[in-house]
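**Q**
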Amino acid sequence: MSLDDWLGDRIPDVIMDDAAQWMTRLDADRCNTGDRLAFARWLEEDTRHRAAFEELSEVWARLHTLTEIEVDAEAAPVLAFPERPRQPAARSSRRPARSDRSALAAAAVLAIGLLAHALLRTPADVFATGAGEISMITLSDGSRVELNARSEIRVRMDERDRVVSLLRGEAVFQVSPGKRPFVVEAPAARVHAGMSSFAVDIGGGGLEVGVIEGEVTVVPAAPAALLTEYDSPGATLIAKPVRLVSGEALAIHPDGRRRLAWGPREVSAALSWRDGVVVFDELPVRLVVEEMRRYGDVIVHVADDRIGGIRVSGSFPTNDPAAYLPELAAHADIVVDEGGDDWIVLRSSAAPISQ
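Be aware that the sequence shown starts at 14, since it is given in our numbering, and climbs by one per residue.
#1: Sorted by chain position, which residues of the same chain lie with C-beta nearer than 7 angstroms to Val202's C-beta, five sequence neighbours on each side aside?
#2: Per DSSP, what are the beta-bridge partners of Gln187 in this structure?
#3: How would you write the range of the alpha helix (DSSP H) that Leu284 sits in, first residue to last?
#4: Could you tell me the alpha carbon to alpha carbon distance between Arg63 and Ser189, rounded to whole angstroms?
#5: Would you call the segment 163-176 and the segment 253-271 touching, i.e. three or more CB-CB distances under 8 angstroms?
#6: Using DSSP with H/G/I as helix, E/B as strand and the rest coil, what is Ser164?
#7: Does DSSP put Pro101 in a helix, in a strand, or in coil?
#8: When we look at the beta-carbon of Met149 and count the other beta-carbons within 10 Å, is it buried (16 or more) or exposed?
#9: Measuring CA to CA, which of Met29, Leu179, Val204 and Arg360 is closest to Leu263?
#10: Smallest Cα separation from Gly322: which of Val311, Ile312, Arg306 and Leu300?
#11: Using the rule of at least 16 other Cβ atoms within 10 Å of the residue's Cβ for burial, across every protein chain shown, is Thr60 buried or exposed?
#12: Could you work out which residue in Val258, Gly218 and Asp31 is closest to Glu228 when comparing CA atoms only?
#13: Output yes or no for whether 7 angstroms exceeds the beta carbon distance between Glu198 and Ser178.
#14: From Asp294 to Thr37, what does the alpha carbon distance come to, in whole angstroms?
#15: Going by DSSP in three states, Thr230 sits in which element: helix, strand or coil?
#16: When burial is assigned at 16 or more other CB atoms within 10 Å of the CB, is Ala33 buried or exposed?
#17: My guess is that Thr142 and Arg163 are in contact by the Cβ rule of under 8 angstroms, so how many angstroms apart are they, rounded?
#18: Determine the direct distance from the alpha carbon of Ala137 to that of Glu351, and round the result to whole angstroms.
#19: When the Cα atoms are used, what is the spatial distance from Arg376 to Leu56?
#20: Using the Cα positions of Asp31 and Leu152, report the straight-line distance between them to the nearest angstrom.
#21: Does Gly218 pass the burial test, meaning 16 or more other C-beta atoms within 10 Å, or should it be called exposed?
#22: So, using beta-carbon positions, are Ala144 and Asp288 closer together than 7 angstroms?
#23: Out of Glu226, Asp317 and Val176, which has the shortest C-alpha to C-alpha gap to Ala363?
#24: For the candidate residues Arg54, Val280, Glu165 and Ser70, whose alpha-carbon lies nearest to that of Asp40?
#25: Thinking C-alpha only, which one of Val348, Thr331 and Asn332 is nearest Pro339?
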């Protein structure tokens, strides 16, 4: 396994964060049957959940900081963990306490991340925001970047280029004039811009670029997938660089690439986070949950695909990331199970409750 694989390079940061929190919870003395059952549900929600947990497990195991976690695949969905061997009383040295080992593991994983950054990246400035945090950054060329919560960029400026890599989250760019190209790199595309204002969002498993003012050119990273029968009417397959002007947007998702209208109403809804609210207009529950994770640390799991596609509308404050849950609980098909102070499970009302 390569260092990039260890760091979950192809797994969203939100999922890696969840996996790390589960690792800590399962290794804690207060871990109980309810925790293990919720963890088993979380593993089954998304194949990336299991992959993220396995990657962190391997990193921590190689660092010799956690006891091995074994899952009996043929048993009920409640995980059993082996007893830790007791240390002989005669030994003069002692193993770190459980909480100490967890702290050491977290520090070691952080050290690996810093080492990878030093070895694999060219010199650059990195800016990031945490849960619920918004930041305005002025670059050395005078351009400005407004970062949404849980977002990160890497800025590289030299004599020839101005390159900003959007590593996670969402940002609004206001590009100052200059002879050097201004490029925003994202996993699915590169955005080339002159003096303009535009937004880039890489949440929800895809990418969306919307132009507020001026124009940009979006260069897709790979050939477009064919559109499916579920795409919106009038959707256009995009298979080459796309020029977008003010009032236009481009969405690149696994089901295809589409031009979208991005007028005042769409811009107001998409960028409402700058005013401290999030607006949803018929957005699937699974994407609502992912979006609201930007603004808080409570883990919310969609435990059933039957409710992941239910569409939700509303306006919710970013300073209260759980404010949308009563709206979900009011839906006849959704049950909100509050498993603790920092995790919640959403399940279908038609699904039996595991004992």
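Yeah, the Cβ is synthetic: ideal placement off N, Cα and C, and Gly gets one too.
**A** Reading it off the structure:
#1: Position check: residue 202 holds Ala in this sequence, whereas Val was assumed. A distance below 7 angstroms between beta-carbons, with the five flanking residues on each side excluded, links Ala202 to the following residues of its chain, in chain order: Leu220, Val231, Val232, Pro233, Ala234 and Ile265.
#2: Answer is Arg157 and Ser210, bridged to Gln187.
#3: That residue, Leu284, is in no alpha helix (DSSP H); it is neither H nor E in DSSP.
#4: 43 angstroms
#5: no
#6: coil
#7: The pLDDT assigned to Pro101 is 46, lower than 50, so where the model puts this residue is not dependable; a value taken from the coordinates is nonetheless given after this. If DSSP states are grouped into helix, strand and coil, Pro101 belongs with coil.
#8: exposed
#9: Considering only alpha carbons, the answer is Val204.
#10: Leu300
#11: exposed
#12: Closest option to Glu228, Cα to Cα, is Val258.
#13: Result yes, Cβ atoms of Glu198 and Ser178 sit closer than 7 angstroms.
#14: 36 angstroms
#15: strand
#16: Burial state of Ala33 is buried, judged by a 10 Å Cβ sphere holding 16 or more other Cβ atoms.
#17: 6 angstroms
#18: 42 angstroms
#19: Summary: the structure shown does not reach residue 376, with the chain confined to residues 14 through 368, and so no result is reported for it.
#20: 32 angstroms
#21: It counts as exposed.
#22: no
#23: Asp317
#24: Ser70
#25: Val348
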